Amino acid sequence: MIRLDKFLCETVGVTRTQATRLLKEKRVTVNGDIVKSGSLKIAEDADVEFDGASLHLSGPRYIMMNKPEGYVCSHEDGHNPTVFILVDEVGADKLHIAGRLDCDTTGLLLLTDDGQWSHRVTSPKHKCDKVYRVVLDDPISEETADVFSEGLLLRGEKTDTLPAQLEQVSEKESLLTIHEGKYHQVKRMFAAVGNRVVGLHRESVGELVLDDSLEPGQYRALTAEEIALFMPRK
Ligand code: URA
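Number 52 in this note's numbering belongs to position 52 of the sequence shown; there are no gaps in the numbering.
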């Protein structure tokens, strides 16, 4: 248990006096009720909100988002909105993205402030499968699956892509599984076989599948089981 004013100091980054003021201004709720007393003892995982944004005491945070089209995966961009403006959490600026997606790509995006965890998600060493639903401009040629499964040298790279699996869904649509995340990898792989990606959606990363109840732009915290999918197995 922890005093509410101390909880606010640690999560919002304010002084005890400022926390008292926020409480007086009725900007803080605990389990949905406005609370004005800083001395209230709350559970460390209580549902506390400040100006409508949820507060989490400590520990790393892990979020999955259904990334919408037109948002960039960086903290700042001169042209497009960033995915971080969709994250209504105090301290969203401390999160980073584990495996960025292009501005026009949609689907499973992972945000965290745990650098080791994101390294396990993104490092090719951990061979974390990423499955993309890909819509192409032209019909998928016969040799595409073989070329991808053998690995190919993309322009400007020193090493071949790792073997990737292509499952054709229809004439112009496929599910592609890759095990690394080179820059614009999927688009460049299809460009290398003379085709063009016109729609790209990430469905899963490792065993973690995008929650289909999340509308584009929505996100939720990962469950303990989902977080553990990327932890070393004991
Ligand atoms: N490959 C791409 O080309 N773009 C992405 O956003 C993800 C994988």
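The beta-carbon is built from N, C-alpha and C at its ideal position, and this holds for glycine as well. The structure displayed is predicted, hence computed values, not measured ones.
- By the CB criterion at 8 Å, P139 and S149 fall outside the cutoff.
- Those residues placing their Cβ nearer than 6 Å to any heavy atom of ligand 1 are, following chain order, L101, D102, T105, H184, Q185, V186, K187, L200.
- Annotated three-state conformation of E49 is strand, per DSSP.
- When DSSP states are grouped into helix, strand and coil, S213 belongs to the coil group.
- Per DSSP, the unbroken alpha helix (DSSP H) holding T144 starts and ends at 144-150.
- In the three-state reduction of the DSSP assignment, S74 falls in the coil class, being assigned neither a helical nor a strand state.
- By DSSP's assignment, K41 forms a beta bridge with R3.
- Its Cα nearest to that of E207, the residue C128 stands out among C128, F50, N195.
- When the Cα atoms are used, T29 and Y62 turn out to be separated by approximately 23 Å.
- Beta-bridge analysis with DSSP links D33 to V30.
- Rounded to whole angstroms, the separation of the alpha carbons of D160 and L175 is 20 Å.
- When C-alpha distances from D51 are compared across P68, H79, E44, L22, the shortest belongs to L22.
- Restricted to the segment 107-135, the alpha helix (DSSP H) segments that are unbroken, complete and at least 4 residues in length are 115-122, listed in chain order.
- Note on geometry: alpha-carbon atoms of S204 and S39 lie some 44 Å from one another.
- Taking each of H75, L86, E44, D77 in turn and checking the Cα distance to A53, the smallest one comes out for L86.
- Measuring C-alpha to C-alpha distances from R27 to each of A92, G13, T17, E49 identifies E49 as the nearest.
- Restricting attention to T20, E25, L4, the CA atom closest to the CA of N31 is found in L4.
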